[in-house]
Each structure stands twice: as C-alpha cells, then as structure tokens.
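Peer 1: Here you go, one structure.
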Amino acid sequence: MEPSFIKELQNIVGKEHTLTDRESLAVYGYDATPELESKPGIVLLPGNAEEMARIMTLCYGNGVPLTPRGSGTNLSGGSIAASGGVVMQTSRLNRILEIDQENLTATVEPGVITSTLHRAVEAIGLFYPPDPGSMNISTMGGNVAENAGGLRGLKYGVTADYVMGLSTILPQGDLLVSGGKAVKDVAGYNLTQLLISSEGTLGIFSQITVKLVPKPRTKKTMLVHFPVLEQAALTVSAIIAARIIPATLEFLDKVTIKCVEDYAHVGLPLDVDAVLLIEVDGHPTVVEEEAAGVREICERHGCSFFQTAATPQEALKLATARRVALSSLARLKPTTILEDATVPRSCIAPMLKFIQDTAKRYDLTIGTFGHAGDGNLHPTCLTDERDHDEIRRAHLAFSDIFDKAIELGGTITGEHGVGIAKKPYLPRLVGEAGLRVMRGIKGAFDPKGVLNPGKIF
Amino acid sequence: MEYVDLLNCMRCGMCLPHCPTYKETFLETASPRGRVALVRKIQDGDLEVNERTLEYLTLCLDCQACATACPCGVNAGELVAEFKCEEKGKGGLSFMEDLILRKLVPHPERLENAMVPLRLYQRSGLQTLVRSLGILKMFPPALGRMEGLLPRLPAKPLRKSLLEVTPAVGEEKGTVGFFLGCVMSLIFSEASHATVQLLSGLGYKVVTPKAQKCCGAPNMLGSDLKGLRDLATYNVDLFGGYDLEFIVTDCGGCGAELKKYGHHLPGNSRAEGFSAKVRDISEILALHADDLKKKLKPLHRIVTWHDACHIAHCQGIRQQPRTLMDLIPGLDFREMNDADACCGSAGTYNVARPEMSDRILERKVSSILATGAEYLVTANPGCLLQLKKALSETSPKVKVVHLTELLSESIKG
Numbered sequence: 015m016e017p018s019f020i021k022e023l024q025n026i027v028g029k030e031h032t033l034t035d036r037e038s039l040a041v042y043g044y045d046a047t048p049e050l051e052s053k054p055g056i057v058l059l060p061g062n063a064e065e066m067a068r069i070m071t072l073c074y075g076n077g078v079p080l081t082p083r084g085s086g087t088n089l090s091g092g093s094i095a096a097s098g099g100v101v102m103q104t105s106r107l108n109r110i111l112e113i114d115q116e117n118l119t120a121t122v123e124p125g126v127i128t129s130t131l132h133r134a135v136e137a138i139g140l141f142y143p144p145d146p147g148s149m150n151i152s153t154m155g156g157n158v159a160e161n162a163g164g165l166r167g168l169k170y171g172v173t174a175d176y177v178m179g180l181s182t183i184l185p186q187g188d189l190l191v192s193g194g195k196a197v198k199d200v201a202g203y204n205l206t207q208l209l210i211s212s213e214g215t216l217g218i219f220s221q222i223t224v225k226l227v228p229k230p231r232t233k234k235t236m237l238v239h240f241p242v243l244e245q246a247a248l249t250v251s252a253i254i255a256a257r258i259i260p261a262t263l264e265f266l267d268k269v270t271i272k273c274v275e276d277y278a279h280v281g282l283p284l285d286v287d288a289v290l291l292i293e294v295d296g297h298p299t300v301v302e303e304e305a306a307g308v309r310e311i312c313e314r315h316g317c318s319f320f321q322t323a324a325t326p327q328e329a330l331k332l333a334t335a336r337r338v339a340l341s342s343l344a345r346l347k348p349t350t351i352l353e354d355a356t357v358p359r360s361c362i363a364p365m366l367k368f369i370q371d372t373a374k375r376y377d378l379t380i381g382t383f384g385h386a387g388d389g390n391l392h393p394t395c396l397t398d399e400r401d402h403d404e405i406r407r408a409h410l411a412f413s414d415i416f417d418k419a420i421e422l423g424g425t426i427t428g429e430h431g432v433g434i435a436k437k438p439y440l441p442r443l444v445g446e447a448g449l450r451v452m453r454g455i456k457g458a459f460d461p462k463g464v465l466n467p468g469k470i471f
Numbered sequence: 201m202e203y204v205d206l207l208n209c210m211r212c213g214m215c216l217p218h219c220p221t222y223k224e225t226f227l228e229t230a231s232p233r234g235r236v237a238l239v240r241k242i243q244d245g246d247l248e249v250n251e252r253t254l255e256y257l258t259l260c261l262d263c264q265a266c267a268t269a270c271p272c273g274v275n276a277g278e279l280v281a282e283f284k285c286e287e288k289g290k291g292g293l294s295f296m297e298d299l300i301l302r303k304l305v306p307h308p309e310r311l312e313n314a315m316v317p318l319r320l321y322q323r324s325g326l327q328t329l330v331r332s333l334g335i336l337k338m339f340p341p342a343l344g345r346m347e348g349l350l351p352r353l354p355a356k357p358l359r360k361s362l363l364e365v366t367p368a369v370g371e372e373k374g375t376v377g378f379f380l381g382c383v384m385s386l387i388f389s390e391a392s393h394a395t396v397q398l399l400s401g402l403g404y405k406v407v408t409p410k411a412q413k414c415c416g417a418p419n420m421l422g423s424d425l426k427g428l429r430d431l432a433t434y435n436v437d438l439f440g441g442y443d444l445e446f447i448v449t450d451c452g453g454c455g456a457e458l459k460k461y462g463h464h465l466p467g468n469s470r471a472e473g474f475s476a477k478v479r480d481i482s483e484i485l486a487l488h489a490d491d492l493k494k495k496l497k498p499l500h501r502i503v504t505w506h507d508a509c510h511i512a513h514c515q516g517i518r519q520q521p522r523t524l525m526d527l528i529p530g531l532d533f534r535e536m537n538d539a540d541a542c543c544g545s546a547g548t549y550n551v552a553r554p555e556m557s558d559r560i561l562e563r564k565v566s567s568i569l570a571t572g573a574e575y576l577v578t579a580n581p582g583c584l585l586q587l588k589k590a591l592s593e594t595s596p597k598v599k600v601v602h603l604t605e606l607l608s609e610s611i612k613g
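Quick mapping for you: the protein sequence lines, in order, are chains A and B.
Residue numbering for the first sequence follows this note's numbering, starting at 15 and increasing by one per position.
Residue numbering for the second sequence follows this note's numbering, starting at 201 and increasing by one per position.
Here it is, written out as structure tokens:
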C-alpha cells in the first residue's frame, strides 16, 4: 500500500485509529471462522458516518478493497480481508440514537452490541427478539449484514423481520436512505430487504432502525428427554402442528449429550438419544395452556422424562445443557467446525439421521444441536487442524450434508452467511440464474468490485 | 504453556465483551483472542518477540475474566502470563527485579523493615508536608502513584503480633492453617485480625506459622518463575509440618496462587495436597453459615460487593460472599453492574500502566456509585488499595472494607 494513500486515510480517522504495524495486521486477519486467514494492509476505526464515507470514497477512487468488520465473530469468513486492503471496524459508532416508544422502534449506529440494545429496550418493557449466539459481542451492523438468527427464530423470526430502515453508505461514498418508521412502504424496490444479508458487499450501514415489540409478560421452560431420536423429531413437528409456537425449541443429539454430561455433569442420562429444551412465552393464561399442550404431546410421543421449571433459577438450570452445548463439544478437540445447514422443520428427522450416517461414513465425530423448531441445525465437527486427512474428510462430509439439505428443500446456511466458507456450495443452491442476478445486483451497487471482494460468489 | 492450549482458541470472540482492555479500546491486539493469536504467531515463527509484541501482551491485566467467558476452557490471561515468564526466563532478571523479587519479597523480616521508613514518613507528619508542597511532582510519576495508593499503615505488621496458635473459642471443631498475605499483614492487619477471630469464634484452632513466606504471586507478575517455585516449595514443606484440615487465606491473590502450587510444581504430590486444602475465608465461613448467623447483629447499611478477579475468575468463588452478607440482619445489599469486572489494580498494573488502569477504574467507580452504597465490600488487598484511593478522592463517604471486617462489625453490633 502506497505511503501517501496510508497518509490520506490516517488524516481522516487520526493516527490513534489507524493500525499499520505487523502485529495488529496479523491479528486482524481472522474472524471466528476456522482455518481462514488473510491479512489486511491497514485497519481503520472511524468515529462517525462522515469518516466512514470519506474512507469509502477514497478506497473506491483508488480501487483498493475495503472489508467492513464489527467484532469479528462471523462464521463464514465475511469479515476477513480476502484480498487485503482496508479493514474498517465500526465499533466506535456505538450509540443507541433513539428508542421511539410511540412508533416502537429503535435507531442505532452499526457498532452497537446486540445485547446492549436488548438491555436498553427491556428496561422499558420492550423487546428486540433476534438473539444470535454471539449477541454479547456481535454488532448490530454485522447482524443486519448477515441477517443473524438465534434461539428465538421460530416464534419471533430473524433480524430481517425487524429491520425497518437503513442508512447505507454506498461503495462510492454516497448515502442511500431506505425504509424508515412507516409500517407500510411500497415505494420502488425493497432496497432495505436487499441490503439485509448482503454480507457487506453492497454497502456499509451507518444507521439502523429496528422494530420493537412488547416484552412477553411471562415464560415457562421445559426440559424433555427422548430415548429415540425419531420421537424427538416427531414431537417437534407435532407441537407446531398443534398450533403451538414455542419461543424456543432447541435440540441436543446423543454425541452432544455425552459431551455435556462429561463436562458439566448436569445429570443427563447417557441412554437417551435426544433432549429438547422448550420455552413458551406470552400472556400467563396462554403460557399455562401451551405448556400443558406441550407436555401432553411429549408424553404421547414417548418421552422418558419431562420437567417444568418452577422458578426463574430453575429455568436457568434446565437451560444449562443447551447453553453449554457448544463449549462442551469445543473442549473435546482443538478445532471446532460449526455449520448451519437448515431444512424445513418437517425434515429434521431425515436430516439428523443423514448427519449421523455421514459422520460414521467418514469416521468423524460430529455432534448436532440447534434450533430444531426452525430446522436450523448446528452439526459440529470436532477435529484437529494439524490432522490434514481428518480435515479433508470433514470437508467432504459437510459437502454431502449441504447436498442433502438442498435435496430436502433446505439451504446451505441458515444464519452464518455464505462469505468465503460456503462459496463452493452456493451455485448448487441458487443455480446459474440465481448467480447471474446476484452478480448483476453487485455490479449495480459496486461496479469496480471494491467492497468486501471475494465473498458470496 | 502448551502449544495445544493456543490451538484450543476457536476465535469465537466470546471473551471480548469481558476483557477490560478491549472494552476501552475495541482493538483486537488488546483482546484475549488477539493475545492468544499473537503468542501463537510468535510460536509459529510468523512474528517475533519484540518491544511491540511485549507492549501488547503487557496491556493484559491477567484478570482472567476471559477464562470465565471462554467456551473452550482457554485461559488467555494465564497463557500470556506464562508466555511472558518463559520469555523472561531466557534473559534473567534486571538488578531491580532481582533486588525486589529475590532479595526482598521472600524475606518477611526485610519486607517489614522496609515499611518502617514509610510508617515514620506517615506518622512524623512528613507525608502531609510532602503532599501539600507537591514535592512528589519532582519524582517519576510511578513513585507519586505508589505514594498516593498507600493508606495509613498499622502500627505493627500482623505477623509480629499474631500468636502462632490462636485457640478455638468453645468446642474445637478442627485445626486450620492461616496463610497471612504480605499486604494483608503489612497494611490491612485489622481485616486479617478479624479473619482469625471469626475462625476461632467458629471453633477452629488457627495455626499461623511465623516462618511462612510470600505466596510468590509478585514473582509470577514479575515473570520470575524460578522465584515463584522456590517460594512454593518452601511453603508446601512448612505447612506440611502441621496437621491441618484447611489452609485459609483472606487474600484473593494469595488464594489463587496457593491453589496453583500443584500446577507450578508438577510431579510434587505434596504441592497438590497443599493446593487441595487451600480455601478462601468466604468458603470456610459459608460452611458454617448457621453458626455464624447466630452471632450476627443488625447492621443497617447499604452495601455492594466487588468480585475481585483473583476470587471470582481465578477461584470461581461468587456465591459464598453474597450468602454471607445475606446473613447480616438489616443489611441492604445492592448488586452493582458488572460486579466481576476488574478495578484496574491488578498487582502492579496501576503503577505500570496508569493510563489504562485509570480508565478501567473509572468504570468500576461509576458502577459502585450507581448503587448508592455506603460500604464497598471486597476481599483482596490490591482492590482494597485501589478502591480506597479512588473513592477517598471522589466520594469519601463510601467506606471500603474487607468482607471479614464487615462481618466482625456486625458481630460487635
């Protein structure tokens, strides 16, 4: 990178917020995606939207790649500078600008941490439902760019269901304002929805307006054991078929159960095949009724154990197994590859069976847990990056798993994004026509291909 | 430090929101994930140990909040500290480090004598004079900070006045050893005196071996692994000579270090046995909550609790101190936000890294003040020093006390 170009960038954000030393660049080469790394040429931490726009104008003019980054928790390589260049970290833009109680909206800067927004709105009896696993550190900008999901997706939907308006800085540095606080808005193409899950390839958000809902008055947490996997899967479908939509409907398979028990000793029996964690929320009367319905369905499907939490402390205890699922798996081996193949929820049973068979076929340890209610599973392969043969087999296994998800009418990624990691699989899902349209959209926004290059396709 | 411990970091970023220096800077180099990556890249030969890598690594407070947050069980704070130790081991100690870590710290007598001029300095009125004349401005800033941190010293270190054996009051339940921390003995002797009284009041015979030496935590901080191992071996042998049910300490930092003697002296089964017996005072008192409750009289105070890193993160003790305060009738306990966030003291960090330490401290102080507490309670001398200083400047009405002082105040009524 030219020293004069670096100097110009530094003049925009100030020396303190410009990183060019070897050590800093080395640790900005990764995000949370295993095996991927690529060093940027410079890292900038702008303090406001104007600085962001000036950086983008300068990069576009000089044809220098620019990769946006929040807290770097992406799981598909989305925040990795695949072609070097500039990394722009949005963390300093971290103000909640407004909570509008008349319109039930919140407007935030892109660097606001998701759980910070949760706390702020819950303090006044409101609720922002999307709760990705990384919500204690993930930024709202990243959540929107990746359309983050979470545990509450089944009943409350995902980030896209809450974004109402965006201020987006386009690659050339000009500002695009789309949507707003109006509930109904059909003026032209829905650019807001197009920008959601664009993975930082079309523009970078400087302001985000999200919808809020009233905070549920109460909730009930239940833990259920099933001796046979099939029964758990059928229970999931039966609950939803009975018109009960739990806020949370989470699943752990046998491998995960064993790891959880070895690590956390929460009292899970090792002879069960699956565990479901179910949470219903809302008006107290409805919650009572739905909890009774869930119990009846679980018992009818042959559960071997059913417990309802009597107190919030007990609810926390019941949720422990699900909460520590990833950590228990991750502790077993040095490298953890966490995927998010997603199928229609009626296909959970065949998908789970296929994952287990695939693990056996490639001689791998894969534990599966996840959001059974919305079909979003997290098959997690436990491996060691130094064992090249095992890593090769893991990639083959996941390729098969993605094919199966597509065959069942699902998708290769439910909430992590395509980024770099899922690029090879996208054509199988969207086909030539899909790719052509996506490339056309990218060209319309960013003809030079400067913004987050090397991602999606 | 094992290479596989570095590999275990899956870079998920769960540590970031808990790291005091990341919260202040948003910089990857100032995060646990970034530090593990730096150390790994050094091991891989991609980066070398130089002034800048050490600058980044020494910004770590070793508060180990990252270890509590890590889903994979990686302890980034400890990894970085051990790495710095290993690097240091290659070069040897500087003259001053050798003087302090090898010739002063391991010798309680010398340490106590070194405090005499300070005590004189305070009592002769010289301190008042120095402070009012601003003489300290003529000295390096670090010296000024150290001077300002020092509260009024007790007339005599506790090690000198405490009996080697304090008999149990009433029926004897058992015998415990008391590990007297250097700073507790030299500066917070009243708190440690209260600790011993509480133990004997609950029926324990308390043995305080006079020949005990520093736990070695300062050596770990100063990257002097050999000095630490020598002290550990000495204390293990000394306490091994008594028949003790537990080895109790009221210093969070000592407790955390003593519990790791087994780790520091691999293959030494006596060290493992020693570590297994070590308890923080709150762990022992919580065992006897029913007996203690009968002794406590009403104390109408608003209090809040600061989880010292060495107690909450390093030893995993959170519930016991809260349970104990809950026993005091009339006490209005208010939980502060982020009670387990570091106060910025971190051994000598507040002197070595004053700017960052002050930013971290400022956050802590505002959390404390937001509760409206009259008493800030904690159980680690570093935090006591740091918070006493900060609160005496901003809100002199808030009293800073050790947990055992609070309990003993309630017993006196």
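Where is the CB? At the ideal position from N, CA and C, for every residue including glycine.
Just so it is clear, the structure is predicted and the values come from calculations on it, not from any experiment.
Among the candidates A:Leu184, A:Glu160, A:Gly187 and A:Ile183, whose CA atom is the shortest distance from the CA of Val177 of chain A?
Peer 2: A:Glu160
Peer 1: Have a look at A:Leu465, A:Lys469 and A:Phe471 and flag the residue whose alpha-carbon is nearest the alpha-carbon of Ala67 of chain A.
Peer 2: A:Leu465
Peer 1: So what's His239 of chain A in DSSP terms, helix, strand or just coil?
Peer 2: strand
Peer 1: If you draw a straight line from the alpha carbon of Tyr442 of chain B to that of Thr334 of chain A, how long is it in whole angstroms?
Peer 2: Distance between the alpha carbons of Tyr442 of chain B and Thr334 of chain A: 42 Å.
Peer 1: Does chain A have any CB closer than 8 Å to the CB of Lys284 of chain B?
Peer 2: no
Peer 1: Taking Leu190 of chain A as the reference, which of A:Leu168, A:Tyr170, A:Ile218 and A:Gly164 has the closest Cα?
Peer 2: A:Ile218
Peer 1: Report the three-state DSSP secondary structure of Thr258 of chain B (helix, strand or coil).
Peer 2: The answer is coil: DSSP assigns Thr258 of chain B none of H, G, I, E or B.
Peer 1: Going by C-alpha distance, which of B:Asp298, B:Val565, B:Leu485 and B:Leu207 is nearest Thr594 of chain B?
Peer 2: B:Val565
Peer 1: I'd like the ranges of any alpha helix (DSSP H) spanning at least 4 consecutive residues and lying wholly in the region 115-177 of chain A.
Peer 2: 128-136, 154-160 and 167-170
Peer 1: If we require 4 or more residues per run, which alpha helix (DSSP H) segments fall completely within the region 177-260 of chain A?
Peer 2: 205-209 and 243-255
Peer 1: Using a cut-off of 9 Å between C-beta atoms, extract the partners of Thr394 of chain A located in chain B.
Peer 2: By Cβ distance, chain B contributes nothing, its closest Cβ being about 11 Å from Thr394 of chain A, past 9 Å.
Peer 1: Along chain B, which residues have their Cβ under 8 Å away from the Cβ of Asp35 of chain A?
Peer 2: Arg252
Peer 1: Can you tell me where the alpha helix (DSSP H) holding Asp414 of chain A begins and where it ends?
Peer 2: His402 to Glu421
Peer 1: Closest to Ala391 of chain B by C-alpha separation, out of B:Glu605, B:Leu431 and B:Ser610, would be which residue?
Peer 2: The residue with the shortest Cα to Cα distance from Ala391 of chain B is B:Glu605.
Peer 1: Threshold first: 4 residues or longer. Then list the alpha helix (DSSP H) segments lying entirely within the region 405-455 of chain B, N to C.
Peer 2: 417-421 and 425-440
Peer 1: Which residues, taken in chain order from the region 243-267 of chain B, show a beta carbon closer than 8 Å to some beta carbon of chain A?
Peer 2: Asp246, Leu247, Arg252, Thr253 and Tyr256
Peer 1: Please work out which residues of its chain come closer than 6 Å, Cβ to Cβ, to Glu574 of chain B, disregarding the five sequence neighbours upstream and downstream, and give them in chain order.
Peer 2: Arg501 and Ile502
Peer 1: Could you please give the first and the last residue of the uninterrupted beta strand (DSSP E) stretch that includes Gln321 of chain A?
Peer 2: Phe319 to Thr322
Peer 1: When you check each C-beta in the region 457-487 of chain B against every C-beta of chain A, which residues fall closer than 7 Å?
Peer 2: none
Peer 1: For Arg310 of chain B, count neighbouring C-beta atoms within 10 Å of its own C-beta (all shown protein chains included) and say buried if the count is 16 or more, exposed if not.
Peer 2: exposed
Peer 1: Can you list the residues of chain B that Leu340 of chain A reaches, using a CB-CB cut of under 8 Å?
Peer 2: Pro271
Peer 1: Secondary structure at Cys395 of chain A, three-state DSSP: helix, strand or coil?
Peer 2: strand
Peer 1: Report the residue ranges of all alpha helix (DSSP H) runs contained in full by the region 284-338 of chain A; include only those spanning at least 4 residues, in chain order.
Peer 2: Listed in chain order, the complete alpha helix (DSSP H) runs (minimum 4 residues) inside the region 284-338 of chain A are 298-314 and 326-337.
Peer 1: Find the nearest neighbour of Thr221 of chain B within the set B:Tyr256, B:Met201 and B:Leu247, judged by alpha-carbon distance.
Peer 2: It is B:Tyr256.
Peer 1: Assess, as a yes-or-no matter, whether the region 305-312 of chain A is touched by the region 251-262 of chain A under the definition of 3 or more beta carbon pairs within less than 8 Å.
Peer 2: Three or more Cβ pairs closer than 8 Å define a contact, and the region 251-262 of chain A meets that threshold against the region 305-312 of chain A.
Peer 1: Under 7 Å Cβ-Cβ, which residues of chain B neighbour Ser473 of chain A?
Peer 2: This structure cannot settle anything about residue 473 of chain A, because the visible part of chain A is limited to 15 through 471.
Peer 1: According to DSSP, Phe378 of chain B sits in a beta bridge with which residue or residues?
Peer 2: B:Val448
Peer 1: Check the Cβ-Cβ distances between Tyr142 of chain A and every residue of chain B, and say whether any is below 8 Å.
Peer 2: no
Peer 1: Starting from the Cα of Asn275 of chain B, find the closest Cα among B:Leu254, B:Asp298, B:Asn250 and B:Met201 and give me that residue.
Peer 2: B:Met201
Peer 1: Do Leu431 of chain B and Cys451 of chain B have their CB atoms nearer than 8 Å?
Peer 2: no
Peer 1: Using only alpha-carbon positions, find the residue among A:Val57, A:Pro17 and A:Gln186 that is nearest to Pro461 of chain A.
Peer 2: Ranking the options by Cα distance to Pro461 of chain A, first place goes to A:Gln186.
Peer 1: How far does the beta strand (DSSP E) with Lys599 of chain B in it extend, from its first residue to its last?
Peer 2: Lys599 to His602
Peer 1: Would you mind stating whether Ser93 of chain A and Gly99 of chain A have Cβ atoms separated by less than 8 Å?
Peer 2: no
Peer 1: For a contact meaning CB atoms closer than 7 Å, what does Val69 of chain A contact in chain B?
Peer 2: Inspection of the sequence shows that residue 69 of chain A is occupied by Ile rather than by Val. Simply none; closest approach about 16 Å.
Peer 1: Going by DSSP, name the residue or residues bridged to Pro54 of chain A.
Peer 2: DSSP, once it has assigned bridges, lists no residue as partnering Pro54 of chain A.
Peer 1: For Thr87 of chain A, go through chain B and note every residue whose CB falls closer than 7 Å to its CB, in chain order.
Peer 2: Cys212 and Gly213
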